[in-house]
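Notes follow once the structure below has been shown.
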Amino acid sequence: MAQISEDNANSGIQRLKRVAIIGCGSFGAQIAVELCKSGNLVIMIDRDPEAFSLLPSDLIENSRIVTSVGDGTLETSLRQAGVQDVDLLIATTKTPSINLMSAQLARHVMRIPEVVCLVNDSQLIPIYKGLGITVINPDGLLMDVIREGLA
């Protein structure tokens, strides 16, 4: 991982971000690719090793994306994947309880600085936000785009 010295701090050089993503479905894989294109390093965690087939093999071979088979709701799985050293964790599984457990574990036990969670049920958003978790709601994002288009 690239580090910068204080001499380089004002030169525009930024430290690469390390991001962990729980859930290698189509949404998680797309986020991983976009983050890599922006120069970030990604740790992708999923219970199913076949899920990693959604990721471009060149990004895995070049270690831009590191895959780890594990359970995102278990601290041991997250630590084995190296999540304790990330700047951001994003929970993107299709299961709300897994996303919430992963996000809470990352935020409150592992002290990950920034945690983002996919939440499809808009009624759950206040609960997640109350726990200090940033929320992505696809339906809400779609409605924002529609409203902007109609304005």
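Once you know that position 99 of the sequence shown is 107 in our numbering, the rest is easy, because the numbers rise by one and skip nothing.
Quick reminder that beta carbons are idealized off the backbone N, C-alpha and C, glycines included.
Please read all numbers here as calculations on a predicted model, not as lab measurements.
Tell me whether residue i sits in a helix, a strand or coil according to DSSP, three-state version.
i, result
"Asn16", "Confidence at Asn16 is low in this model, with a pLDDT of 37, below 50, so the placement of that residue is unreliable and no value is reported for it."
"Val124", "strand"
"Leu113", "helix"
"Leu86", "helix"
"Asn70", "coil"
"Pro134", "helix"
"Pro64", "coil"
"Gly157", "helix"
"Ala10", "With a pLDDT of only 36 at Ala10, under the threshold of 50, the placement of this residue in the model should not be trusted; the figure read from the coordinates follows. Coil, per DSSP."
"Gly6", "Any property of residue 6 remains undetermined from this structure, which presents the chain solely from 9 to 159."
"Ile21", "Caution applies to Ile21, whose pLDDT of 45 falls short of 50 and renders its modelled position unreliable; the value that the coordinates give is listed next. In this structure, Ile21 counts as coil in the three-state DSSP scheme."
When the Cα atoms are used, what is the spatial distance from residue i to residue j?
i, j, result
"Gly33", "Ile120", "22 Å"
"Leu139", "Asp54", "24 Å"
"Pro57", "Ser130", "30 Å"
"Cys44", "Val77", "20 Å"
"Ala37", "Ile73", "10 Å"
"Ile30", "Pro64", "17 Å"
"Ser61", "Ile144", "24 Å"
"Met52", "Thr75", "5 Å"
"Thr100", "Leu67", "19 Å"
"Asn128", "Tyr136", "12 Å"
"Asp79", "Leu113", "12 Å"
"Leu108", "Ser71", "28 Å"
"Glu122", "Val50", "14 Å"
"Asp25", "Ser46", "This sequence places Lys at residue 25; Asp is not what is there. Whole-angstrom Cα-Cα distance: 10 Å."
"Leu86", "Ile39", "19 Å"
"Asp95", "Val124", "11 Å"
"Ile106", "Ile141", "14 Å"
With DSSP as the reference, please indicate the residues paired to residue i in a beta bridge.
i, result
"Ser76", "Ile53"
"Arg26", "Leu49"
"Val202", "This structure does not reach residue 202, given that the chain is present from 9 up to 159, and the question cannot be answered."
"Thr142", "Val124"
"Leu97", "Ala28, Val123"
How many whole angstroms separate the CB atoms of residue i and residue j, which I take to be in contact at a CB cut-off of 8 Å?
i, j, result
"Leu97", "Ala28", "5 Å"
"Met118", "Gln88", "Actually they are not in contact, since the Cβ atoms of Met118 and Gln88 sit about 13 Å apart, beyond 8 Å."
Taking 7 Å as the CB-CB limit, is residue i close to chain D?
i, result
"Gln38", "Absent from the structure: chain D. Only one protein chain is present."
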